[in-house]
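So the sequence shown is residues 14 to 811, counted in the working numbering. Let me begin by presenting the structure, written as structure tokens, before commenting on it.
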Amino acid sequence: MILATDLDGTFLGGDESARRELYDLIRETPDAVLIFVTGRGIGSIRPLLDDPFVPDPQFIIADVGATVVHGETLEPVQPIQGEIEAVWPGTEKVRAALEPFDFLVYQDVPQERRCSFLLAEERRIEDIRDTVERELECDVLFSAGQYLDVLPRGVSKGNTLVRLLEETGLDREYVVVAGDTLNDLSLFECDLKGIVVGEAEPELSRRVEQVGGRAYLAKAAGGGGIVEGLRHHGLLPAAAELVPAVAENSDSDRRSEGAADGRPAGLVERRRGTGDRRSAAAQAKEAAERWVANAEPARAEPAPQDRQLVIVYHRLPFDTVKRDGRTIMRRPKSPNGIIPTLLGFFSRGEKGVWVAWSKSDTRTPDEWEERMAVDPKLYPNLTAVRIPLTPEDVNLFYEVFSKEALWPVIFSFLDKAKFDQSHWEHYLDINRIFAERTAAVAEPNALVWVHDYNLWMVPHFLRRLRPDVKIAFFHHTSFPASDIFNIIPWRREIIDSLLDCDYIGFHIPHYVENFVDAVRTHAPLDIIERVPTTPRFRSFGCALGVDEMVREIKVGERRIRLGAHPVGINVNAIEDILERPDVKRTIEGIRAELRGRTSILSVERLDYVKGPLEKLQAFERLLEDHPELHGSIVLLSISTPPAPGMKAYRRTRERVDEAVGRINGRFSKLDWTPVRYFYRSLAYEDVIAHYAVSDVAWITPLRDGLNMVAKEYIAANQAYGGGGTLLLSEFAGAAAELHGSLLTNPYHPDGMAKDLYNALMMPATDRRERMAVMHDIVQANNIGYWSYEFLSAVNGKL
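Here it is, written out as structure tokens:
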């Protein structure tokens with residue numbers, strides 16, 4: 014089988030289960046040859062080659078036939094490439110010849126030996142065609158009623174494919190071409206077997222039928238249509254050989270390879286004859302390990318600091334309680350999260366100060382212990398400086414303005430944003446106080462690290478008080494697109510403040526690019542440096558993917574460096590928790606309560622941003638569409654209450670309660686309740702126990718800066734056997750980092766229901782492969798690596 018296929022809408026189209034079937038079939042077919050034939054330039058294909066679940070092509074025909082390279086090395090296929098080069102007049106000559114046609118908009122995209130234009134208005138193209146053929150001796154390809162490509166004479170997808178077959182000696186009888194747009198028509202004019210996938214451009218289907226030949230019009234879209242067509246042409250068996258999985262013995266230590274892994278009998282199928290094919294895990298590891306290898310030397314512990322480090326954060330590194338008139342400190346309960354991560358910077362005795370607020374009856378209390386040792390044994394040189402804020406201050410600064418004005422905009426929920434000038438002025442006042450206390454405790458040339466949107470204005474005040482210090486800022490949330498961010502009435506002040514920083518960090522490259530766009534709408538800037546984002550981050554096939562990221566900008570006389578640093582977790586701490594006897598007993602108790610049912614775990618704070626209602630709607634749709642699942646699956650929904658006084662979330666809770674009641678009322682049986690809903694904070698050890706045994710982690714926020722729950726699930730589940738599946742919102746920042754996760758669109762309940770069904774049906778081998786890949790990523794990008802990477806970048810060492 015030799016498959017020469019277009020990419021977008023064809024090989025990369027259709028639903029995920031269909032694509033997975035196609036990709037597996039290609040890997041399983043002995044001597045299969047895969048050829049990408051695309052309009053993209055090679056530069057935009059590179060990230061796709063790093064995608065661990067897309068089969069590797071032997072050849073790539075790009076730029077609508079003007080580029081042809083070997084898939085493994087990306088070296089040109091000669092003499093074909095030389096022949097094309099010889100008849101190309103050059104981009105500048107083409108643009109100059111077409112300059113009189115002012116309705117043509119040149120497309121500045123990665124491309125070679127071709128020029129792409131967009132028709133800004135509907136026009137006849139005969140004059141353009143005449144100019145191109147007469148003056149340039151080139152060809153014109155017009156598609157979709159608005160795209161125009163100028164190509165070397167005689168060059169097309171089809172002609173280049175035929176030359177490649179001739180040069181390599183590949184047998185035409187085993188070749189099948191696939192496409193979905195008029196751009197692919199030349200492939201069907203080569204007297205080869207063909208597949209027009211479902212939902213293709215109607216004009217392509219019409220023209221292919223006129224051409225005649227051996228083309229098959231598939232019903233299924235994308236990858237599913239290719240599989241359908243391959244079977245039609247006799248290049249695949251009539252149906253994949255399937256065998257029902259056998260459920261494991263309930264008292265086994267953990268799930269066994271090739272078994273149903275706790276899934277209900279009859280729900281899971283697996284293929285025979287996978288042979289020695291290159292596994293998805295092996296491919297994914299290649300992508301993950303490229304950057305893991307670079308991180309290896311320093312990922313075990315935080316980077317050393319040669320200057321004082323001042324952490325400016327809205328929370329103290331400990332909880333305080335009053336006991337017998339004394340203030341007692343308690344360590345954070347969870348080993349993960351930002352506070353334990355930041356404490357790791359001081360674990361080897363580095364000197365530092367942690368500036369945060371603490372509640373007080375007044376801003377100027379008579380008896381106030383401003384400086385407190387955090388933990389003399391673990392962090393002997395770390396001091397906490399407490400800023401007294403009244404309950405009214407905290408309510409207005411954090412619970413009202415931050416959560417009702419800034420939070421909705423950050424996560425693109427504009428209808429929930431409430432702006433009040435007096436609240437902004439109070440926010441400024443609190444930020445000024447933070448800056449003043451920081452300026453007072455920072456040593457000369459200290460590194461001041463400010464955290465999150467609550468303190469956006471601290472750099473502005475601090476730069477004027479202490480021009481000597483280096484200021485770094487890290488966003489623990491997402492950063493919205495510029496048109497969303499610019500809705501904030503005080504956006505100019507916020508951007509000006511952030512531009513007073515020396516370094517600004519975000520979780521993923523997409524947020525960096527959003528920030529740069531916001532700056533660009535505010536002031537002229539120069540891009541000093543750009544860097545590729547792959548292979549560490551996803552670029553294509555992910556809503557938050559980008560293929561390049563700005564590393565440094567210049568605004569006026571200031572240079573600001575930027576970076577993407579997804580926060581890591583303490584994997585070892587989770588593994589240690591799972592070894593505790595009490596946690597093992599908890600795990601056995603959970604398994605006993607499940608009674609062999611497949612468990613779907615949802616863990617989230619009660620927040621409309623987390624999409625709890627959309628998730629419940631999708632689960633309800635799953636139960637409607639698949640009655641065979643009734644009694645065999647259970648959704649464990651753990652919803653942590655928001656902080657007291659958060660009025661914005663009251664209605665969300667009411668609607669969630671209603672949805673849970675409705676679902677359980679509709680589908681429950683005497684011995685089965687489909688949704689087990691926990692509206693309370695569980696002990697961290699109990700959450701880890703649920704991670705370990707859950708078959709699917711369903712983490713689908715509508716927006717999320719990163720999502721540490723996804724990483725914790727991976728660490729715990731892999732430590733317990735690694736048979737789980739992570740179904741993750743593509744709008745969570747972690748989606749760009751966690752190769753191996755199944756992505757879903759949380760705004761589409763029907764689509765989420767289908768994706769959840771696919772997760773439940775995934776074969777055991779695939780689940781284990783994907784989990785192993787994600788665990789490699791989480792283990793490499795742990796707490797120590799995150800701290801090393803961020804401080805190294807701040808100090809100019811990366």
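Think of the CB as a built atom: it goes at the ideal place given N, C-alpha and C, for glycine as much as any other residue. Note that the structure is predicted; figures quoted are calculated from it, not measured.
Rounded separation between residue i and residue j - CA only
| i | j | result |
| --- | --- | --- |
| Glu588 | Thr86 | 40 Å |
| Arg312 | Trp799 | Only weak support is given to the placement of Arg312: the predicted model assigns it a pLDDT of 43, under 50, and the question is left unresolved by the model. |
| Asp162 | Pro215 | 20 Å |
| Arg604 | Val706 | 7 Å |
| Gly554 | Gly207 | 25 Å |
| Leu460 | Lys483 | 5 Å |
| Thr547 | Tyr524 | 15 Å |
| Ala702 | Asn467 | 33 Å |
| Ala213 | Ser199 | 15 Å |
| Leu629 | Met775 | 21 Å |
| Asn585 | Val722 | 16 Å |
| Gly247 | Val240 | 11 Å |
| Ser218 | Glu601 | 57 Å |
| Gln434 | Val463 | 24 Å |
| Ser415 | Ile423 | 10 Å |
| Gly581 | Pro389 | 25 Å |
| Glu802 | Leu117 | 45 Å |
| Leu20 | Tyr392 | 54 Å |
| Arg220 | Arg136 | 22 Å |
| Ile39 | Pro579 | 34 Å |
| Glu380 | Asp374 | 11 Å |
| Ala294 | Gly624 | Since pLDDT at Ala294 reaches only 40, below the 50 mark, its modelled position is unreliable, and the value read off the structure follows with that caveat. Computed Cα separation, rounded: 30 Å. |
| Arg268 | Tyr692 | Only weak support exists for where Arg268 lies, its pLDDT of 36 falling under 50; the value from the coordinates is given anyway. The straight-line gap from Cα to Cα measures roughly 30 Å. |
Pick from the options that is closest to residue i, judged by C-alpha positions
| i | options | result |
| --- | --- | --- |
| Pro123 | Asn444, Asp19, Ile590, Thr80 | Thr80 |
| Phe66 | Gly797, His752, Ala766 | His752 |
| Thr18 | Val188, Ile701, Leu230, Ala430 | Val188 |
| Val82 | Glu105, Ile58, Thr104 | Ile58 |
| Pro353 | Pro655, Tyr326, Arg505 | Tyr326 |
| Thr51 | Pro762, Asn585, Asp560, Ser169 | Ser169 |
| Ala418 | Arg781, Trp503, Ala485 | Trp503 |
| Asp638 | Met765, Lys429, Val209, Val118 | Met765 |
| Gly575 | Leu614, Thr534, Asp530, Val596 | It is Leu, not Gly, that sits at residue 575 in the sequence shown. Checked all of Leu614, Thr534, Asp530, Val596; the closest Cα to Leu575 is Asp530. |
| Asn771 | His788, Gly26, Glu34, Leu557 | Glu34 |
| Glu627 | Val673, Ile646, Pro640 | Val673 |
Bounding residues of the beta strand (DSSP E) (the contiguous stretch that carries residue i)
| i | result |
| --- | --- |
| Ile712 | 709 to 712 |
| Trp370 | 365 to 372 |
| Val688 | 688 to 692 |
| Glu542 | 539 to 545 |
| Ile816 | Any property of residue 816 remains undetermined from this structure, which presents the chain solely from 14 to 811. |
Helix, strand or coil at residue i according to DSSP, with G and I counted as helix
| i | result |
| --- | --- |
| Trp420 | helix |
| Val90 | coil |
| Gly207 | strand |
| Gly518 | strand |
| Ser169 | coil |
| Pro68 | coil |
| Glu382 | coil |
| Glu4 | Nothing in the structure corresponds to residue 4, since the chain is present only between 14 and 811. |
| Gly576 | strand |
| Gly26 | coil |
| Trp685 | strand |
| Met784 | helix |
| Phe331 | coil |
| Arg142 | helix |
| Glu734 | Reading the sequence as shown, one finds Gly at residue 734 and not Glu. In this structure, Gly734 counts as coil in the three-state DSSP scheme. |
| Ala75 | strand |
| Gly192 | strand |
| Thr80 | strand |
| Phe487 | strand |
| Lys860 | Here the chain covers residues 14 to 811 and nothing more, so residue 860 does not appear. |
Extent of the continuous alpha helix (DSSP H) run through residue i
| i | result |
| --- | --- |
| Lys106 | 104 to 111 |
| Met470 | Looking at the DSSP string, Met470 is not in any alpha helix (DSSP H), and its letter there is neither H nor E. |
| Glu41 | 29 to 41 |
| Tyr863 | The structure shown does not extend to residue 863, since the chain spans only 14 to 811, so no value can be given for it. |
Minimum Cβ-Cβ distance from residue i to chain E less than 9 Å
| i | result |
| --- | --- |
| Ala79 | This model lacks chain E altogether; it includes just one protein chain. |
Residue i: CB within 8 Å of a non-hydrogen atom of the ligand MN
| i | result |
| --- | --- |
| Leu20 | You won't find the ligand MN in this model; it holds no ligand whatsoever. |
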